[in-house]
């Protein structure tokens, strides 16, 4: 059931209010959340407002929005070959000198991206690393020329390459991956934030086929003052062409595009992959998704259409997606023996398993409130 699988994806790692170089006693929020999960012994970084213990012994203290360098990235990590390169950064493979753990190190030249943008990305990651389907932030370093963001290493490639190399997913496989992404996105939306760059390239696969959501550089809080993200045009919701304010429905639209691609191997508004930007903009705003290549079930098509509703007010929310019959049934055709079995299990376990999800969200709320109170005291 979605609530069982979503609840299982929460871990005991709670987001920090800031990095520090020394451990501190667990906060009330950390203790609360730890009592609601199956693996209390797995608590690796119990958070307190005074600081947190982070991998590699700590790199940077972000206190009162002023960065103080403690160590150089090479002191704690061996840097290896480049894993990939984008417009703003190069991602290199790394290894922790103390533990031998493999990591991914995002190297961002200051000439390419602002200090505020980088710190915003780290701040978001600190708040959402609770979820195991989000690549966790391990450490952060700053030099005169570059930022170094040390992330969890994910070695299975991205979802886009998986579809390009192997074709469309089966419905059960697509449902499982969509559920994992949706669970991570639910945590983000519950905190009043949007990812703003949902796309297959930002969904990494582990070696055992699970999803890790990455790249929170465009993530922001939902507010009337937030500016429109640049993002990737192919995954823009129609309203972004006229409205400058990011909202949760933009993430849901992008999820619909991703689901369509997973089930068909094609883009819903550019099936041949030849449209220029102006044509793609027109198709997204004016045309219906091209289902001519569709071979999946009617239930999957209904879900995809609901996510690709051009009216953001009528588009599925993350809560509605997580309760959609197709997703709850794990992509199994309606009326099958397995679907009936899954429905029976959901009725028996609903109360117990949703309590874990609620506890995790409540723990985050307490953590944020405490951080805000402390900020007021020091202001």
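In the numbering used here, the protein residues as written are 474 to 852. We put the CB at the ideal spot given by N, CA and C, even for glycine.
#1: Among residues of its own chain, excluding the 5 on either side of residue 672, which ones have a beta-carbon nearer than 6 Å to its beta-carbon?
#2: Within a Cβ cutoff of 8 Å, which residues of the same chain sit near residue 630, ignoring the five residues on either side of it in sequence?
#3: Quick check for students: name the residue ranges of the alpha helix (DSSP H) that lie wholly in the stretch 720–804, counting only runs of 4 or more.
#4: Rounded to whole angstroms, what is the Cα-Cα separation between residue 783 and residue 760?
#5: Skipping 5 residues on each side, what residues in its chain have a beta carbon closer than 6 Å to that of residue 575?
#6: Between the C-alpha atoms of residue 803 and residue 650, what's the straight-line distance to the nearest angstrom?
#7: Please list the terminal residues of the continuous alpha helix (DSSP H) segment that includes residue 607.
#8: I need the straight-line Cα distance from residue 648 to residue 739, nearest angstrom please.
#9: Pick helix, strand or coil for residue 557, following the three-state DSSP scheme.
#10: Does the separation of the CB atoms of residue 721 and residue 662 fall below 8 Å?
#11: Am I right that residue 641 and residue 736 are in contact with their C-beta atoms under 8 Å? What's the rounded C-beta distance?
#12: What is the DSSP secondary structure of residue 820, reduced to helix, strand or coil?
#13: So, is residue 578 buried or exposed, given that buried needs 16 or more other C-beta atoms within 10 angstroms?
#14: For residue 591, which three-state DSSP category applies?
#15: So the beta strand (DSSP E) residue 565 belongs to, where does it begin and stop?
#16: Whether or not the stretch 765–773 and the stretch 612–628 are in contact is what I'm after, with contact meaning three or more pairs of Cβ atoms, one per stretch, closer than 8 Å; do they touch?
#17: For residue 647, name the three-state secondary structure that DSSP assigns.
#18: If you measure between the beta carbons of residue 788 and residue 726, is that distance less than 8 Å?
#19: Do residue 732 and residue 742 have their beta-carbon atoms positioned less than 8 Å apart in this structure?
#20: For residue 537, count neighbouring Cβ atoms within 10 angstroms of its own Cβ and tell me buried if that reaches 16, exposed if not.
#21: Can you give the Cα-Cα distance for residue 798 and residue 604, rounded to whole angstroms?
#22: Taking Cβ to Cβ, would you say residue 548 is nearer than 8 Å to residue 628?
#23: By a C-beta neighbour count over all protein chains shown, 10 Å radius and 16 as the cutoff for buried, is residue 755 buried or exposed?
#24: Cα separation between residue 715 and residue 583?
#25: Taking all protein chains shown into account, do 16 or more other C-beta atoms lie within 10 angstroms of the C-beta of residue 692, making it buried, or fewer, making it exposed?
#26: Confirm, please, whether the CB-CB distance from residue 780 to residue 728 is below 8 Å.
#27: Could you have a look at residue 687 and say whether DSSP puts it in helix, strand or coil?
#28: Within the continuous beta strand (DSSP E) that includes residue 577, where are the two ends?
#29: Take residue 571 as the anchor and find which of 767, 778 and 550 has the nearest alpha-carbon.
#30: If I measure Cβ to Cβ from residue 694 and keep anything under 6 Å in the same chain, skipping five residues before and after, which residues do I get?
#31: Which residues bound the alpha helix (DSSP H) around residue 626?
#32: Under three-state DSSP, which class holds residue 714?
#33: Ignore the nearest five residues each way along the sequence and tell me which others in residue 775's own chain have a CB closer than 8 Å to its CB.
The short version:
#1: 705 and 708
#2: 677 and 678
#3: 721–737, 750–759, 771–780, 791–795 and 798–801
#4: 9 Å
#5: 568 and 626
#6: 10 Å
#7: Segment: none, residue 607 is in no alpha helix (DSSP H) and carries neither H nor E.
#8: 17 Å
#9: strand
#10: yes
#11: 6 Å
#12: Confidence at residue 820 is low in this model, with a pLDDT of 49, below 50, so the placement of that residue should be treated as unreliable; the coordinate-derived value is given next. The answer is helix: DSSP assigns residue 820 an H, G or I state.
#13: buried
#14: helix
#15: 563–569
#16: no
#17: helix
#18: yes
#19: no
#20: Note on residue 537: pLDDT 37, under 50, position unreliable in the model; no value is reported.
#21: 24 Å
#22: no
#23: exposed
#24: 31 Å
#25: buried
#26: yes
#27: coil
#28: 575–582
#29: 550
#30: 665 and 666
#31: Looking at the DSSP string, residue 626 is not in any alpha helix (DSSP H), and its letter there is neither H nor E.
#32: helix
#33: 799
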